[in-house]
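Undergrad: Have a look at the structure that comes next, please.
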Amino acid sequence: MARYFPLAVFANVLCLCQSYTLRSSVSWVVSSNDAVEDADLSEEVAPALLVDGAGLWKQDSSGELRVKPENENVAQLSSRLFSYRLEKVKKSGSGSPPPHQETARTARYIAHYSDWGHLATISTQDQIKGLPFGNIFSVSDGALDNSTGVIYFYVTPMDNTVSDLKSNPYASLTFSEAEGEFCKMVYDPEDPRCARLSLTGKMVEVAPEELGFAKEAMFSRHPVMAKWPVGHKWFFMKLELIQVWLQDWIGGVSLIPLEDYFKATPF
């Protein structure tokens, strides 16, 4: 019997993996099964599944919110929300980062080749109202072969950060060179030689005449976004820059003039 014990433990772990955890009102519920792209994610169905906290989720003894097992059809569909197969976007031409002395070019390099960043706002949440609140966002400053230096976002009003921005539109977006392979091979993320870029400015909704470009910028880098439920009322925003802050080497930081930042190229 002893030789079958590891198999029994493994089977038990697999059973436990069938549960799904809700972290926040906009957390994506992802199944451990193969991703399904053909699920009904219409405007009527998808938002109800994510927002109906009373009907779809229950709290277990550990304090986690889990899908109610008695409604298998709803649970199975909810498990597929946002669980599409990832479509890889080849980062052709990214190569090695520029020499650290070329600060404006380094800033543009990081801004262009980063797929996500950390956005800090002033919170409107009751328990932390007026305090800093950070959140992760997928971003793009243009298709891989077209860098603008302007950072675009695809957001939903359901997100706490968007609520913050309605009250105070100013925010800081931080990138780390550790997102790529360069620092992983050589430096710790906090090592000053592993570059950090913070862009501070005003978050604004993208104007109608700019929507086409913003859509191409975001969807070319994050193709799965095109399949997200329309019921979440996604819309495009961008960061109008006030300051470009770069830590790229030992010996201090650089405040890069906006003119130099936009004139540089990451390629």
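Quick note on numbering: the sequence shown equals residues -19 to -1, 1 to 248 in mature numbering (1 follows the signal peptide of the UniProt record, and there is no 0). C-beta: ideal position from N, C-alpha, C; glycine also.
Using the C-alpha atoms, what's the distance from V120 back to F163?
TA: Whole-angstrom Cα-Cα distance: 20 Å.
Undergrad: Helix, strand or coil: which one does DSSP assign to R174?
TA: Reduced to three states, the DSSP call for R174 is coil.
Undergrad: Would you please state the rounded distance, in angstroms, between the beta carbons of residue 259 and R177? I believe it to be under 8 Å.
TA: The displayed coordinates of the chain run from -19 to 248. Any statement about residue 259 would go beyond what the structure contains.
Undergrad: Considering only residues of the same chain and omitting the five flanking positions on each side of V143, which have a CB-CB separation below 6 Å?
TA: Around V143: V136.
Undergrad: If you reduce the DSSP assignment to three classes, tell me which class V167 lands in.
TA: V167: helix per DSSP, three-state reduction.
Undergrad: What is the rounded straight-line gap between the Cα of A159 and the Cα of C175?
TA: Going from the Cα of A159 to the Cα of C175 covers about 7 Å.
Undergrad: Could you check if I231 is buried or exposed, using at least 16 other CB atoms within 10 Å of its CB as the buried criterion?
TA: Answer is exposed; the Cβ neighbour count stays below 16.
Undergrad: For P138, which of K183, F194, F216, Q228 has the nearest alpha-carbon?
TA: Nearest C-alpha to P138: F216.
Undergrad: Run through DSSP, which three-state label would P78 get?
TA: Three-state DSSP puts P78 in coil, outside helix and strand.
Undergrad: Would you mind sorting G111 into buried or exposed? The rule is 16 or more other CB atoms within 10 Å of its CB.
TA: By the 10 Å Cβ count, G111 comes out exposed.
Undergrad: Helix, strand or coil for M184, going by three-state DSSP, please let me know.
TA: Of the three classes helix, strand and coil, the one that applies to M184 here is strand, per DSSP.
Undergrad: Nearest-angstrom Cα distance between F248 and A124?
TA: For F248 and A124, the distance between alpha carbons rounds to 13 Å.
Undergrad: In its own chain, which residues sit with a C-beta less than 7 Å from the C-beta of Q57, not counting the 5 before and 5 after it?
TA: Its pLDDT being 46, under 50, Q57 is placed unreliably by the model, and nothing is read from it.
Undergrad: Note down the Cα distance separating F134 from I109, rounded to an integer number of angstroms.
TA: If I take the Cα positions, the gap works out to 24 Å.
Undergrad: Measuring alpha carbon to alpha carbon, tell me which of Y151, A188, S201, H81 ends up nearest L180.
TA: That would be Y151, whose Cα lies nearest to the Cα of L180.
Undergrad: Quick check on DSSP: helix, strand or coil for residue 309?
TA: In the structure as shown, the chain starts at -19 and stops at 248, and residue 309 therefore has no counterpart that could be examined.
Undergrad: Please report how far the alpha carbon of S153 lies from the alpha carbon of D107, in whole angstroms.
TA: Answer to the nearest angstrom: the Cα atoms are 21 Å apart.
Undergrad: The alpha helix (DSSP H) spanning N141 covers which residue range?
TA: Counting along the chain, the alpha helix (DSSP H) containing N141 begins and ends at 141 to 148.
Undergrad: Tell me, please, which residues DSSP counts as bridged to T129.
TA: In DSSP, T129 forms no bridge with anything.
Undergrad: Starting from the C-beta of I132, find all residues in its chain whose C-beta is less than 7 Å away, skip the five residues before and the five after it, and write them out in chain order.
TA: Closer than 7 Å at Cβ, skipping near neighbours: A92, V120, D122, L154, L180, K219, L220.
Undergrad: Assuming T102 is part of the beta strand (DSSP E), what are its boundary residues?
TA: Here the beta strand (DSSP E) through T102 covers 97 to 103.
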